[in-house]
Amino acid sequence: MAALKEPVKIFIVQSLACFETPQQVADAVKQEFNIEIERQQVALYDPTKSTGKNLSKKLKDLFHTTRKNFKSNIYDIPLANKAVRLNELQKMYVDWKNNKVKKQGIIKQIKDEMHGYEIQLLDEQLKQLEIDKIKNGDGEGADDPTPVKVTIQVVDASKKDAKHQSDAECTSV
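Residue numbers for the sequence shown follow the working numbering, beginning at 6 and rising by one.
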């Protein structure tokens, strides 16, 4: 087992905290630091496993902090963002050129991805318009039409020869 320097240990702990497998971490260490280590050595840096029980308090704290942040900040993952997913689907659609079956599948995925998005945009635009009206002093009542007098005639259908039973006046506001 190779003795690892502090930056390598931190890299391993943070990678494991982000749910990477020991083999993935070992491969990443080789690529990043040009150090070849076994996955069994990587497993020593995971405090959630029995092999990591002797990990220093500093590295344990780093592991738990990193894991907590990783779990709570899902929007740091590009594909968790709808715009990124739609952009990737658009690239796939263009790549399929004449394959109509594959293109139909991509169109369906985009439709599913957009489900309700247009309504959300409309709601946000309407809310922003209301906020702008209030800020400009055009709050409630500014766009209301002048009250209109409406006469409603109520007819009793059971009495065919009866004319207008009552007249009611309503004011539309």
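We treat Cβ as the ideally placed atom computed from N, Cα and C, and that holds for glycine.
{"query": "Out of G57, L60, T53, which has the shortest C-alpha to C-alpha gap to R72?", "result": "T53"}
{"query": "Measuring CB to CB, does M6 end up less than 7 Å from Q46?", "result": "yes"}
{"query": "For I17, count neighbouring C-beta atoms within 10 Å of its own C-beta (all shown protein chains included) and say buried if the count is 16 or more, exposed if not.", "result": "buried"}
{"query": "Are the CB atoms of I111 and M97 nearer to each other than 7 Å?", "result": "yes"}
{"query": "With contact counted as at least three CB pairs below 8 Å, one residue from each stretch, are the region 57-74 and the region 29-44 in contact?", "result": "no"}
{"query": "How about P27 and A48: do their beta carbons lie closer than 7 Å?", "result": "yes"}
{"query": "In whole angstroms, give me the CA-to-CA distance for Q186 and I40.", "result": "Outside the modelled stretch of the chain, which goes from 6 to 178, sits residue 186, for which no answer is possible."}
{"query": "Output the boundary residues of the alpha helix (DSSP H) element that contains Y98.", "result": "87-100"}
{"query": "Once DSSP output is grouped into helix, strand and coil, what is the label at Y50?", "result": "coil"}
{"query": "Smallest Cα separation from K107: which of L94, F75, D117, E118?", "result": "L94"}
{"query": "Given F68, which residues of its chain have a CB within under 6 Å of its CB, disregarding the five upstream and five downstream residues?", "result": "V18, A22, P52"}
{"query": "Could you check if A31 is buried or exposed, using at least 16 other CB atoms within 10 Å of its CB as the buried criterion?", "result": "buried"}
{"query": "With 16 as the cutoff for other CB atoms within 10 Å, does I82 come out buried or exposed?", "result": "exposed"}
{"query": "Smallest Cα separation from M86: which of S20, R44, E11, E118?", "result": "First, the amino acid is wrong: residue 86 is Asn here, not Met. Measuring from the Cα of N86, the nearest candidate turns out to be E118."}
{"query": "Ignore the nearest five residues each way along the sequence and tell me which others in R90's own chain have a CB closer than 7 Å to its CB.", "result": "L84, E118"}
{"query": "Quick check on the burial criterion: 16 or more other C-beta atoms within 10 angstroms. Buried or exposed for I42?", "result": "buried"}
{"query": "Taking DSSP as the reference, what is the three-state secondary structure of I112?", "result": "helix"}
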